[in-house]
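Data first, discussion second: the structure below is written as C-alpha cells.
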Amino acid sequence: PFTEDMILDIIFGLSATFSHVKIDVSEALIPSDYSYHHQFKMNRRPNELLKFKIFAPKVFHMIRGQFQVGEADLLASFKEPPKGIKGEGKSGAFMLFTRDRRFILKTATKEERDFLWEFLPYYLKHVQKYPDTLLPRIYGVYSMKHEGIGGVVRFIIMNNIFN
Numbered sequence: 121p122f123t124e125d126m127i128l129d130i131i132f133g134l135s136a137t138f139s140h141v142k143i144d145v146s147e148a149l150i151p152s153d154y155s156y157h158h159q160f161k162m163n164r165r166p167n168e169l170l171k172f173k174i175f176a177p178k179v180f181h182m183i184r185g186q187f188q189v190g191e192a193d194l195l196a197s198f199k200e201p202p203k204g205i206k207g208e209g210k211s212g213a214f215m216l217f218t219r220d221r222r223f224i225l226k227t228a229t230k231e232e233r234d235f236l237w238e239f240l241p242y243y244l245k246h247v248q249k250y251p252d253t254l255l256p257r258i259y260g261v262y263s264m265k266h267e268g269i270g271g272v273v274r275f276i277i278m279n280n281i282f283n
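Residue numbering for the sequence shown follows the numbering used here, starting at 121 and increasing by one per position.
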C-alpha cells in the first residue's frame, strides 16, 4: 500500500522531474524518443537517496499538449496528497486520485510499463488522429526507488474519465 511518505516522495519527484528534464519540442520525434528514459537522484530527507525515472518525456509532453494539460496542471493537482484506493482487479494495482479529481496515479507492473512502451508510437498517432478518443489519456510513466531499501514503484498518470 501507499504510505503517506511514498505519496510525498512521488509529489516531490514529479516536481523535480519537470524542473530537471528539459524537452526540446522544436525537433521532430525520432524512434529513440519512445524508449528514452531519464533518471536522476535526489535527497528528500538527509541520508536518503531517491531515484526517480521519467519514461519517454518528449512523447508524453506531446500527448499532454494534445489534451491541453501542462506540467503546471499536474503539479497543481498533486500539490495536496491524493487519496488512494486498492484496486479490486486481478493486478491489485493501487490508484490515487488527486484531490481535485482531475488525475489518477495508478501503479504499474514492469510488464504493463513495457507494453505501454511498445504501444506508445501507435497510441500517440491515435490520440493525434482522434482527439476525442475514449482510450484513457495517459500523461506520463514514472518509477521511483529508495536507494538501498524497498523495491521499485512504477506508476502511470492519466486522466480521470469520471471528472
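The beta-carbon is built from N, C-alpha and C at its ideal position, and this holds for glycine as well.
Residue from the options whose Cα sits closest to the Cα of residue i
i, options, result
"Q186", "V273, I277, Y250 and I150", "Y250"
"K178", "R164, T137 and A213", "T137"
"L194", "H246, M215, G260 and I143", "G260"
"A196", "R221, D252, V141 and A148", "R221"
"N280", "K265, V272, F217 and E231", "F217"
"P201", "R184, Q188, R219 and A213", "R219"
"N163", "E267, E238 and G190", "E267"
"R233", "H157, T123 and D129", "H157"
"F175", "K203, K265, W237 and T123", "W237"
Check: residue i C-beta below 8 angstroms from any heavy atom of the ligand GDP
i, result
"E232", "As presented, the structure is devoid of all ligands, the ligand GDP included, so that no description of it is given."
Cβ pair residue i, residue j closer than 9 angstroms
i, j, result
"S263", "F282", "no"
"Y154", "P256", "no"
"K199", "I131", "yes"
"M182", "L244", "yes"
"K230", "A213", "no"
"F223", "M278", "yes"
Residue i versus residue j: straight-line alpha-carbon distance, rounded
i, j, result
"S152", "K173", "16 angstroms"
"A139", "I127", "Note that residue 139 is Ser in the sequence shown, not Ala. Approximately 19 angstroms between the Cα atoms of the pair."
"A228", "Q248", "24 angstroms"
"I258", "F160", "22 angstroms"
"V145", "F180", "11 angstroms"
"D125", "K171", "15 angstroms"
"K142", "H246", "25 angstroms"
"L134", "F239", "23 angstroms"
"E147", "G190", "19 angstroms"
"E168", "D252", "43 angstroms"
"G270", "P166", "17 angstroms"
"K203", "D129", "15 angstroms"
"R184", "V273", "22 angstroms"
"A192", "T123", "25 angstroms"
"M215", "K265", "18 angstroms"
Every unbroken beta strand (DSSP E) within the segment 252 to 281, with a cutoff of 3 residues, ordered by chain: Runs found: 258 to 266 and 273 to 279.
What are the start and end residues of each continuous beta strand (DSSP E) run of 3 or more residues lying completely inside the segment 163 to 238, in chain order? Runs of the beta strand (DSSP E) spanning 3 or more residues and lying entirely within the segment 163 to 238 occur at 168 to 175, 203 to 206, 214 to 217 and 223 to 228, in chain order.
At 3 residues or longer, what runs of the beta strand (DSSP E) sit wholly inside the segment 125 to 165? You should have 157 to 165.
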